[in-house]
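Residue numbers (full-length UniProt numbering): 1 to 134. Ideal placement from N, C-alpha and C gives every residue a C-beta, glycine not left out. Just so it is clear, the structure is predicted and the values come from calculations on it, not from any experiment. This report refers to the structure that appears directly beneath it.
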Ligand SMILES: [Zn+2]
C-alpha cells in the first residue's frame, strides 16, 4: 500500500462504531458500553476485550478531557496532505478512555495536561477538540 492509498475511517466502516459516529455528528461523545464490567469499550468492538461479553449498549460522556499527548503534523500524507499543518492528539476523556483526535488550530498555545472539550468534527471526519475557556 502506498501513502496515496491511505484512507480515513468513518461512519459505516465498523458497525460497532455507529453510535460513536452518530453522536459525533450531533456534537456528543457516545461510546460502546459493556454492562458486564461497566466501562466504555474503545476502540469499538462486538465483544468486550476485558470480560468477553457482547457489547450492546452505549454511554454518553461529558465530551471533555485533558490532552495526554499531541503533535503538530506539518506534512500530511494521503487524504491528510491538504490539511497540514494540523494537530493530532491523544485526549484522555473524562469518565472514559484515551482517544486519538484532532485539536483545533495549529498547535499554538496547546500543551499536555490542558483541558479540552469536544468542538465538532475534524477536517476528515474524526473528533475535534478545542481548549476549554478558562
Ligand atoms: Zn466487559
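Contacting residues, own chain, Cβ-Cβ under 7 Å from residue i (five flanking each side not counted)
| i | result |
| --- | --- |
| residue 84 | 73, 74, 75, 76 |
| residue 14 | 44 |
| residue 12 | none |
| residue 3 | Confidence in residue 3 is poor, its pLDDT being 47 and thus under 50, which makes the residue's placement too unreliable to answer from. |
| residue 113 | 66, 67 |
| residue 27 | 118, 120 |
Extent of the continuous alpha helix (DSSP H) to which residue i belongs
| i | result |
| --- | --- |
| residue 24 | 18–25 |
Whether residue i touches residue j by CB criterion (8 Å)
| i | j | result |
| --- | --- | --- |
| residue 68 | residue 86 | no |
| residue 47 | residue 39 | no |
| residue 62 | residue 94 | yes |
| residue 127 | residue 111 | no |
Residue i (DSSP reduced to helix, strand or coil)
| i | result |
| --- | --- |
| residue 133 | coil |
| residue 79 | helix |
| residue 85 | coil |
| residue 54 | strand |
Element boundaries [beta strand (DSSP E), containing residue i]
| i | result |
| --- | --- |
| residue 100 | 98–103 |
| residue 119 | 115–121 |
| residue 33 | 29–34 |
| residue 47 | Residue 47 -> no beta strand (DSSP E), and no H or E assigned at all. |
Spatial neighbours of residue i in its chain, beta-carbon cut-off 6 Å, leaving aside the 5 residues before and after
| i | result |
| --- | --- |
| residue 50 | 37 |
Chain-order list of residues whose beta-carbon lies under 8 Å from that of residue i (same chain, five-residue window excluded)
| i | result |
| --- | --- |
| residue 121 | 24, 25, 127, 128 |
| residue 35 | 53, 56, 57 |
| residue 82 | 76 |
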